[in-house]
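Okay, so here's the structure we're looking at.
There are 2 protein chains.
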Amino acid sequence: MGTTPYLRLDVAVLDRNIAAMADLAAAAHLSLRPHAKTHKSLEIARRQLATGAVGLTVATIGEAEVFADVCDDLFIAYPLWVDAADAHRLRALAERTRVLVGCDSFDAARKLARLPVEVAVEIDSGHHRSGVQPAQAGELAARITELGLRVRGVFTFPGHSYSPATRATAADDEAAALAVATNSLAAALVPARLVSGGSTPSAGFSRAGVLNELRPGVSVFGDAQQVELGTIGFDKVALTVAATVVSHAGGRVITNAGSKALGADRAPWATGYGRVPECPDARVVALSEHHSTIEWPAALPALGSQVLLVPNHVCTAVNLADTYVLSDGGTWPVAARGRNS
Amino acid sequence: MGTTPYLRLDVAVLDRNIAAMADLAAAAHLSLRPHAKTHKSLEIARRQLATGAVGLTVATIGEAEVFADVCDDLFIAYPLWVDAADAHRLRALAERTRVLVGCDSFDAARKLARLPVEVAVEIDSGHHRSGVQPAQAGELAARITELGLRVRGVFTFPGHSYSPATRATAADDEAAALAVATNSLAAALVPARLVSGGSTPSAGFSRAGVLNELRPGVSVFGDAQQVELGTIGFDKVALTVAATVVSHAGGRVITNAGSKALGADRAPWATGYGRVPECPDARVVALSEHHSTIEWPAALPALGSQVLLVPNHVCTAVNLADTYVLSDGGTWPVAARGRNS
Chain A
1 MGTTPYLRLD VAVLDRNIAA MADLAAAAHL SLRPHAKTHK SLEIARRQLA TGAVGLTVAT
61 IGEAEVFADV CDDLFIAYPL WVDAADAHRL RALAERTRVL VGCDSFDAAR KLARLPVEVA
121 VEIDSGHHRS GVQPAQAGEL AARITELGLR VRGVFTFPGH SYSPATRATA ADDEAAALAV
181 ATNSLAAALV PARLVSGGST PSAGFSRAGV LNELRPGVSV FGDAQQVELG TIGFDKVALT
241 VAATVVSHAG GRVITNAGSK ALGADRAPWA TGYGRVPECP DARVVALSEH HSTIEWPAAL
301 PALGSQVLLV PNHVCTAVNL ADTYVLSDGG TWPVAARGRN S
Chain B
1001 MGTTPYLRLD VAVLDRNIAA MADLAAAAHL SLRPHAKTHK SLEIARRQLA TGAVGLTVAT
1061 IGEAEVFADV CDDLFIAYPL WVDAADAHRL RALAERTRVL VGCDSFDAAR KLARLPVEVA
1121 VEIDSGHHRS GVQPAQAGEL AARITELGLR VRGVFTFPGH SYSPATRATA ADDEAAALAV
1181 ATNSLAAALV PARLVSGGST PSAGFSRAGV LNELRPGVSV FGDAQQVELG TIGFDKVALT
1241 VAATVVSHAG GRVITNAGSK ALGADRAPWA TGYGRVPECP DARVVALSEH HSTIEWPAAL
1301 PALGSQVLLV PNHVCTAVNL ADTYVLSDGG TWPVAARGRN S
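Given below as structure tokens:
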């Protein structure tokens, strides 16, 4: 129990989700390196590592600094631009843990030269964010090697899996792109020991032996996006935002969990700003900073009652809070909250 | 300077914005009670109070607890549902500062009875979030008075001013609704000493003498929503997110300021996920947690260079960070960050 709104974590569901992803990766003969940006929690990281994760993925040096307390093999899966202060931090980090850093340009690689890190070349497999085209990976890898840096392999994020239209095909795109990239590295005489991909929506799809590592994040908790994409049902949602009904204005349910608790993420295909497991037909039709407005096609929950809301995107919801309130009454800190750099 | 991404605050623009809103309120013979949820900063609150604000507006008890350090007249402009723990906190708060609390139901008012607070009845003036219909305000006010609570008056948030189609008319709706509500209270023999409204987009429109208090929040900083609504130009934007260009993938600018730095807010009428003052034709076409993807119809800024991005909604962007980095190199804490309850 806490004062609403707060993050409520069902630890039994969390443990089942962690085990399920470990089993999925093992069955597919893939190493598992969960993305810790989702949970930002040392306790959850320890559970992932205890069930077979080979290491952790993080997004920033700041997150790596936090997770080096519990993990000795970190992948900053991001095309870092490293200034002098960052270089100092990476040197200190490398004394605590093995460090792999993403890269998609020779200019960025030059800033990494002489640092005690390995490099993975980022590939664009269809999400069209960062990353080089797959066929260009070998040339970049060779140039990075000439800087004296060790290239461990290639990675991509098939982020276009976050769409009902391309969820099923994103894994195919990912495998095809990584196969081209791997061959490109081989042609440049840089062996790709690491071939890393994965996202929660695409994790369950086959990649026909191309990848050797998966980096899912959201699967540890689940969220409304995953429910609406069809990846999971509400029974696999471990993290909710506990909210109090504060008004029935307009015949709707107004709770005190707004965008500062749920996050404002809303994909074009989302049906609202979150979901309500106890009333699956309910829709969060509007979100202010401290209000969610819910159309609730059933008897309204009483003023003052608590409801559990599922955020659309759990990574950004978690980053708004300092504490998880566990289903057994304990708490865990969101240790890496706000570690954006 | 800081490590990107970080909140960059131009204090000269901030001071001009504070003075301009004070002047606007004074010219309209309105008391000014700025909403501190926008900035969550004691330093900024002091500046607002020093230039004539009669008090501060906050959204939660937690924010009130922070701002009671610098202000002795706080309005929690929210329909609180007060449980036993909240009641304890409100009693402690009332020993430090005058406390006014919003209310839109008799059930919620009963939870406030016997607490040392005054009550303002919330009215729906067209935003259709919380609040009673204006003509019902008197009946609710009379019933609240019978509980032994003192009703100070009525308030509304004309949130439909956040739309190009209704920005200009929202102030008319607000004034009409508050006039009806004021008359409704008078008919119920409850004088409305407070008639409070206001939002940043509607602040500059006339209300023909109905209101006596304005509660704008965003005006202190400005943001991309205000620019796109036509409330301000980029010259009045005091708060930006400093970001580093990390990739040119796809011929676009990818920076390290994503939704965990800018916030994910995007109104249906927004042109993207933020704006770029140095390139007004640029559009932030996609946002991940740690990437913004910017279509930049000019020579791209070099890899590693810094760009200043204007978040769509500054209130949620500020709530993601712990520190303001001032244009003169100092820092201020975001003291009330995460105070959601």
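So the sequence lines, in the order shown, correspond to chains A and B. Heads up: the first sequence begins at 1 in the working numbering, then just goes up one per residue. Heads up: the second sequence begins at 1001 in the working numbering, then just goes up one per residue. Even for Gly, the Cβ is constructed at its ideal location relative to N, Cα and C. Bear in mind the structure is a predicted one, so any value in this text is a computation, not a measurement.
Practice prompt. Determine the DSSP secondary structure at B:M1001, reduced to helix, strand or coil.
Written response: Confidence in B:M1001 is poor, its pLDDT being 48 and thus under 50, which makes the residue's placement unreliable; the coordinate value appears in the next sentence. In the structure shown, B:M1001 sits in coil (DSSP, three-state: anything other than H, G, I, E or B).
Worksheet item: Are there three or more Cβ pairs, one per stretch, closer than 8 Å when the region 1222 to 1232 of chain B is compared with the region 213 to 226 of chain A?
Response: The region 1222 to 1232 of chain B makes no contact with the region 213 to 226 of chain A, as fewer than three CB pairs between them are under 8 Å.
Worksheet item: If contact means a Cβ-Cβ distance below 7 Å, which residues of the region 101 to 125 of chain A contact chain B?
Response: Identification of residues in the region 101 to 125 of chain A having a C-beta nearer than 7 Å to some C-beta of chain B yields D104, S105, D107, A108 and D124, given in sequence order.
Item to complete: Anything in chain B within Cβ reach of A:E295, meaning under 7 Å, just list it in chain order.
Response: The CB of A:E295 never comes closer than 7 Å to any CB in chain B; the least such distance is about 12 Å.
Discussion item. If contact is defined by three or more beta carbon pairs under 8 Å, each pair taking one atom from either stretch, is the region 90 to 109 of chain A in contact with the region 136 to 147 of chain A?
Written reply: These segments touch.
Discussion item. Run through chain B and tell me which residues come within less than 8 Å of A:P5, C-beta to C-beta.
Written reply: Correct list: N1340 and S1341.
Fill in: Short-range partners of chain B found in the region 59 to 82 of chain A, where Cβ spacing is below 8 Å
For the region 59 to 82 of chain A, residues whose beta-carbon sits nearer than 8 Å to a beta-carbon of chain B comprise A59, T60, Y78, P79, L80 and W81.
Practice prompt. Measuring alpha carbon to alpha carbon, tell me which of B:N1312, B:A1168, B:A1299 and B:A1177 ends up nearest B:P1134.
Written response: When only C-alpha atoms are compared, the closest one is B:A1177.
Worksheet item: Which residues of chain A have a Cβ atom closer than 8 Å to the Cβ of B:I1254, listed in chain order?
Response: What B:I1254 touches in chain A: P79, R129 and S130.
Discussion item. So, for A:P164: in the same chain, excluding its five sequence neighbours on each side, which residues have a beta-carbon less than 7 Å away from its beta-carbon?
Written reply: The beta carbon of A:P164 sits closer than 7 Å to the beta carbons of L229 and W269 from its chain, once the five residues preceding and following it are set aside; these are given in chain order.
Worksheet item: So the beta strand (DSSP E) B:C1103 belongs to, where does it begin and stop?
Response: Its beta strand (DSSP E) spans residues R1098 to C1103.
Worksheet entry | Where the beta strand (DSSP E) containing B:D1023 begins and where it ends | In this chain, B:D1023 is not harboured by any beta strand (DSSP E); it is covered by the alpha helix (DSSP H) spanning V1011 to A1027.
Worksheet item: What is the rounded straight-line gap between the Cα of A:A85 and the Cα of B:G1274?
Response: Whole-angstrom Cα-Cα distance: 28 Å.
Item to complete: Please state if the CB of A:A192 and the CB of A:G153 are separated by a distance shorter than 9 Å.
Response: Going by C-beta atoms, A:G153 is nearer than 9 Å to A:A192.
Worksheet item: Any C-beta of chain A sitting closer than 9 Å to the C-beta of B:K950?
Response: The requested residue 950 of chain B does not occur in the structure, where chain B is confined to residues 1001 to 1341.
Worksheet entry | For A:A286, three-class secondary structure by DSSP | In this structure, A:A286 counts as strand in the three-state DSSP scheme.
Discussion item. Could you check whether the Cβ of A:P159 sits closer than 9 Å to any Cβ belonging to chain B?
Written reply: Here residue 159 of chain A is Gly; the residue named in the question, Pro, does not match the sequence. Interface annotation, A:G159: in contact with chain B, CB-CB separation under 9 Å.
Worksheet item: Starting from A:T200 and walking both ways along the alpha helix (DSSP H), at which residues does that stretch end?
Response: No alpha helix (DSSP H) holds A:T200; DSSP gives it neither H nor E.
Worksheet entry | Whole beta strand (DSSP E) elements within the region 1070 to 1158 of chain B, 3-residue minimum | Within the region 1070 to 1158 of chain B, complete beta strand (DSSP E) segments of at least 3 residues are found at 1073 to 1079, 1098 to 1103, 1118 to 1123 and 1150 to 1156, given in chain order.
Practice prompt. Would you give the residue range spanned by the beta strand (DSSP E) that B:S1292 belongs to?
Written response: B:S1292 -> beta strand (DSSP E) spans S1292 to E1295.
Worksheet item: Hey, which unbroken runs of the alpha helix (DSSP H) at 4 residues or more fall wholly within the region 303 to 333 of chain A?
Response: Those alpha helix (DSSP H) runs which fall completely within the region 303 to 333 of chain A and span 4+ residues are 314 to 318.
Discussion item. Counting only Cβ-Cβ distances shorter than 8 Å, please list the residues of the region 20 to 50 of chain A near chain B, keeping chain order.
Written reply: For the region 20 to 50 of chain A, which is checked against every Cβ of chain B, the residues closer than 8 Å are K37.
Discussion item. Considering only DSSP beta bridges, list what B:R1008 is partnered with.
Written reply: B:T1240 and B:V1325.
Item to complete: Tell me the start and end of each unbroken beta strand (DSSP E) in the region 1215 to 1275 of chain B that is at least 3 residues and wholly inside, in chain order.
Response: Scanning the region 1215 to 1275 of chain B for uninterrupted beta strand (DSSP E) segments of 3 residues or longer gives 1239 to 1247 and 1253 to 1255, listed from N- to C-terminal end.
Worksheet item: In terms of residues, what are the limits of the beta strand (DSSP E) holding A:T57?
Response: DSSP places A:T57 inside the beta strand (DSSP E), whose first and last residues are L56 to V58.
Discussion item. For B:R1098 and A:V70, what's the separation of their Cα atoms in angstroms?
Written reply: Near 47 Å, if we compare the C-alpha coordinates of A:V70 and B:R1098.
Discussion item. Using 9 Å as the threshold, is the C-beta distance between A:P34 and A:R252 below it?
Written reply: Not in contact: A:P34 and A:R252 (Cβ atoms no closer than 9 Å).
Item to complete: Give the range of the alpha helix (DSSP H) segment to which B:R1046 is assigned.
Response: DSSP places B:R1046 in the uninterrupted alpha helix (DSSP H) bounded by L1042 to A1050.
Item to complete: Step through the CB atoms of chain A and report whether any lies within less than 9 Å of the CB of B:E1289.
Response: Closer than 9 Å to some Cβ of chain A, the Cβ of B:E1289 qualifies, so yes.
Worksheet item: Is the beta carbon of A:A336 less than 9 Å from the beta carbon of A:A137?
Response: No.
Discussion item. Along the chain, where does the alpha helix (DSSP H) containing B:R1033 start, and where does it finish?
Written reply: The continuous stretches of alpha helix (DSSP H) do not include B:R1033, and DSSP gives it neither H nor E.
Worksheet item: Nearest to A:S105 by alpha carbon, out of A:L93, A:A94, A:P116 and A:E122?
Response: Looking at the Cα atoms, A:E122 is the closest of the given residues.
Discussion item. Residues in the same chain with beta-carbon distance under 8 Å from B:T1038, minus the five sequence neighbours each way, listed in chain order, please.
Written reply: Hits under 8 Å: G1217, V1218, V1220, F1221, V1314, C1315 and V1318.
Discussion item. For a contact defined as C-beta to C-beta under 9 Å, what are the partners of B:D1086 on chain A?
Written reply: The CB of B:D1086 comes closer than 9 Å to the CB of T3 in chain A, given here in chain order.
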